[in-house]
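First the structure, in the form of structure tokens, and then the observations on it.
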Amino acid sequence: MILMNDVYKTYPNGVTALNGVNVDIKQGEFVYVVGPSGAGKSTFIKLIYREVKPSKGSILINEMNMSELKEKKVPLLRRDIGVIFQDFKLLPKLTVYENIAFALEVIEESPKKIRNRVMEVLDLVGLKNKARFIPDELSGGEQQRVSIARAIVNNPKIVIADEPTGNLDPDTSWGIMKTFEEINARGTTILMATHSKEIVNTIKKRVIAIEDGLIVRDEHRGEYGYEV
Amino acid sequence: MKFRTVMRHFREGLKNIGRNGWMTVASVGAVTTTLILVGAFLALMLNLNQMADNIEQDVEITTLIDLTLNEEEITNLGNEIEELNGVETVSFSSKDDELAKLIESMGDEGRSWELFEQDNPLNHVYVVKTTDPEDTIDVADQISEMDGVQEVNYGKGVVERLFTFNKYARNIGLALIIGLVFTAIFLISNTIKITIMARSREIGIMKLVGATNGFIRWPFFIEGLMLGILGSIIPIGVILTGYYYLANNVSDRISYSFVEVLPFNPFAWQLSLIILGIGAFIGIWGSVMSVRKFLKV
Ligand SMILES: Nc1ncnc2c1ncn2[C@@H]1O[C@H](COP(=O)(O)OP(=O)(O)OP(=O)(O)O)[C@@H](O)[C@H]1O
Ligand SMILES: [Mg+2]
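Note that the protein sequences, when read in sequence, are chains A and B.
Heads up: the first sequence is residues 1 to 228, going by the numbering used here.
Heads up: the second sequence is residues 1 to 297, going by the numbering used here.
Structure follows, in structure tokens:
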């Protein structure tokens, strides 16, 4: 499913964010990625949906070899991966509804299916009453929930979340975690970078800890392991 | 691509026109301004071109036939001229015809020439027209060397200058139009580029959510097309009304045979269609070209 072999990433400005990463994540797993700020968590995550390319090493996602993947096939890869970005990446001129529908329009779903499915996930993240708002009219937490809704709307094989609860109050955070557990129970792989000790230690899952661009810990039912 | 996706791109392209607010106004303004210039200029150029053509079409070679030739020799000469390369028509005009024409062309003063009707001093004439007016000089030279030709007239000097002038006028006109169209394209693609620069982040997001380049490009294509069409409405209005007045007034006032503007119908309509075409072209071209570089995310 997600297989990395000796992966390095050095950014054009010379910063080395990953320093030889090896990882194997199977379909249906739920994985936390933890580590200090600047450790390389986001870089690790971005490699998976190919926002960044590795400087060295091989990456296999859904049986697709990233180093051989044609530019034209990249959209296909991304349609199987729902991403909740650290900075949300909502389209500023589109409404909440249109932002979520976009992920279904690119796969040419029927308008009827789009309607039903978008309303479904809007309900799930509790934003049904804000469907016609544009992102600027929402709070940070609400924007984050739109981003979550867009990521899961097309039932992707993998859901990747970069600090999805960073801007949310505890109640909403637990609500989102419940949603993740539900879609994980249906076989979706979940990969989530987080700084939340409480979540990691309460909902026990596999924990991958990254420090200075290296995986320093990889445990099933692991602990957060850092002092807050 | 499914039909509903085509419809989606159309809707999206149209919505973008509204979403972009002032940038849309700026782009349409740029298209409008340049199309008015292009339109006015095209109207002028095509008319001048038509006039130049008219003048050239009027150029003919008057071949004065030697007075000593008998009828048979005159016929032979006519045949000989007809066989020359580039000759379109050869028509015989007797010296009586020539005198009649002369008298008529001189109006009142022509009366005095009527004295000559008994003893006509003029020559019989072959009036020669060439298929391509540019061949006139060449053909005239050849005719002048034939036996039995006393003299050849075609407005030597004037005709040469006319041809050079027309050639320059056409080339300069063409260059100006091309220059104008490219300036327009540059202006518009720049305006659209600014709107797209602001949207480069959005394009990046679309790609991260799994949109193909084509999927992103189509609404821009539609948007560009609409900008071009919107931008040509006013220019077409200006051309139609402006030309309507021009065509009615100029042709009434000036009555030289060659100063004759192209008739409003169909010319103004054809010109409107050309303007619409150019508008659509620069709109699409500008928007598709400027979106290109942002698609490499
Ligand atoms: N686009 C980039 N260009 C250059 N350097 C970058 C870029 N993105 C990240 N880096 C650098 O790579 C290192 C790892 O960054 P990354 O975003 O992966 O950290 P992180 O673990 O996600 O941190 P945080 O918890 O704060 O989100 C940092 O030192 C950062 O400065
Ligand atoms: Mg990060």
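Using N, Cα and C, we set each Cβ at its ideal position, and we do this for glycine too.
Here the structure is a predicted model, which is why all the values come from computation and not from measurement.
8 Å CB neighbourhood of residue i in its chain, flanking five on each side removed
i	result
residue 149 (chain B)	63, 64, 65, 66, 77, 143
residue 86 (chain B)	130, 131, 132, 135, 138, 139
residue 104 (chain A)	113, 114, 117, 118, 153, 154
residue 217 (chain A)	207, 208, 209, 225
residue 27 (chain A)	1, 157, 187, 189
residue 279 (chain B)	31, 35, 228, 229, 231, 232, 235
Residue i vs residue j beta-carbon contact at 8 Å
i	j	result
residue 81 (chain B)	residue 154 (chain B)	no
residue 29 (chain A)	residue 194 (chain A)	no
residue 215 (chain B)	residue 288 (chain B)	no
residue 58 (chain A)	residue 65 (chain A)	yes
residue 210 (chain A)	residue 150 (chain A)	no
residue 31 (chain A)	residue 191 (chain A)	yes
residue 366 (chain B)	residue 286 (chain B)	Nothing in the structure corresponds to residue 366 (chain B), since chain B is present only between 1 and 297.
residue 272 (chain B)	residue 240 (chain B)	yes
residue 131 (chain A)	residue 179 (chain A)	no
residue 171 (chain B)	residue 56 (chain B)	no
residue 212 (chain A)	residue 5 (chain A)	no
residue 263 (chain B)	residue 9 (chain B)	no
residue 207 (chain A)	residue 34 (chain A)	yes
residue 51 (chain A)	residue 295 (chain B)	no
residue 371 (chain B)	residue 61 (chain B)	Coverage of chain B is limited to positions 1 through 297, which leaves residue 371 (chain B) absent and any answer about it impossible.
residue 137 (chain A)	residue 5 (chain B)	no
residue 240 (chain A)	residue 226 (chain A)	This structure leaves residue 240 (chain A) out entirely; chain A is present only between 1 and 228.
residue 35 (chain B)	residue 284 (chain B)	no
residue 90 (chain A)	residue 146 (chain A)	yes
residue 160 (chain B)	residue 122 (chain B)	no
residue 215 (chain A)	residue 7 (chain A)	no
residue 106 (chain A)	residue 211 (chain B)	yes
residue 135 (chain A)	residue 144 (chain A)	no
residue 19 (chain B)	residue 93 (chain A)	yes
residue 30 (chain B)	residue 187 (chain B)	yes
Same chain, Cβ closer than 7 Å to residue i, neighbours up to 5 away in sequence not counted
i	result
residue 148 (chain A)	84, 125, 164, 176
residue 32 (chain B)	231, 234, 235
residue 163 (chain B)	134
residue 146 (chain B)	77, 80
residue 139 (chain A)	none
residue 96 (chain B)	120
residue 88 (chain B)	129, 130, 131
residue 220 (chain A)	206
residue 47 (chain B)	261, 262
residue 74 (chain B)	65, 124
residue 246 (chain B)	261
Same chain, Cβ closer than 6 Å to residue i, neighbours up to 5 away in sequence not counted
i	result
residue 60 (chain A)	3
residue 161 (chain A)	84, 192
residue 40 (chain A)	17, 18, 210, 213
Any non-hydrogen atom of ligand 3 closer than 7 Å to residue i Cβ
i	result
residue 13 (chain A)	You won't find ligand 3 in this model; what it holds is ligand 1 and ligand 2.
Point to revise | Stretch-stretch touch, CB-based, cutoff 8 Å, three pairs: the segment 112-119 of chain A with the segment 225-242 of chain B | key: no
Check your understanding: Would you say the segment 176-187 of chain B touches the segment 37-44 of chain B, given that touching needs at least three Cβ pairs under 8 Å?
Key -> yes
Review point. Can you list, in chain order, the residues of the segment 58-85 of chain A whose Cβ is nearer than 7 Å to any Cβ on chain B?
Key: Cβ contacts with chain B: 75, 78, 79, 83.
Review point. Any residues in the segment 4-17 of chain B with a beta carbon nearer than 7 Å to a beta carbon of chain A? Which ones, in chain order?
Key: 4, 5, 8
Check your understanding: So, do the segment 26-45 of chain A and the segment 166-175 of chain A have three or more beta carbon pairs nearer to each other than 8 Å?
Key -> no
Exercise for review: Check each residue of the segment 212-233 of chain B: if its Cβ is closer than 8 Å to any Cβ of chain A, include it; give the result in chain order.
Suggested key: 212, 215
Check your understanding: Using 8 Å as the Cβ pair cut-off and three pairs as the minimum, do the segment 69-83 of chain A and the segment 141-161 of chain A touch?
Key -> Touching, yes, given that three or more Cβ pairs across the two stretches are closer than 8 Å.
Review point. What are the complete beta strand (DSSP E) segments, minimum 3 residues, inside the segment 36-118 of chain B?
Key: 61-65, 87-93
Check your understanding: If you scan the segment 119-180 of chain A from start to end, which runs of the beta strand (DSSP E) of 3 or more residues do you find wholly inside it?
Key -> 158-162
**Study point:** Cβ-based contacts, 7 Å cut-off: residues of the segment 16-41 of chain B near chain A
**Key:** Result list: 19.
Practice item. Report the residues of the segment 89-111 of chain A with a CB closer than 8 Å to any CB of chain B, ordered along the chain. Key: 89, 90, 91, 92, 93, 102, 103, 105, 106, 107, 108, 110, 111
Point to revise | Completely contained alpha helix (DSSP H) runs for the segment 116-181 of chain B, where each covers 4 or more residues | key: 136-144
Review point. Which ranges does the beta strand (DSSP E) cover as unbroken runs of at least 3 residues, wholly within the segment 46-103 of chain A, from first to last along the chain?
Key: 56-61, 81-84
Review point. Which whole runs of the alpha helix (DSSP H) in the segment 218-291 of chain B are 4 residues long or more, in chain order?
Key: none
Review point. If you measure beta-carbon to beta-carbon, which residues of the segment 31-61 of chain A are closer than 8 Å to chain B?
Key: 49, 51
Point to revise | Members of the segment 117-133 of chain A near chain B, C-beta cut-off 9 Å | key: Within the segment 117-133 of chain A, no residue has a Cβ that lies closer than 9 Å to any Cβ of chain B.
Practice item. Write down every uninterrupted run of the beta strand (DSSP E) in the segment 5-34 of chain B whose length is 3 residues or greater and which is fully enclosed by it, in chain order. Key: Qualifying beta strand (DSSP E) stretches: none in this window.
Practice item. For the segment 209-228 of chain A, enumerate the residues whose C-beta is nearer than 9 Å to any C-beta of chain B, in chain order. Key: none
Practice item. Compile a chain-ordered list of the residues in the segment 167-196 of chain A whose CB is closer than 7 Å to at least one CB of chain B. Key: none
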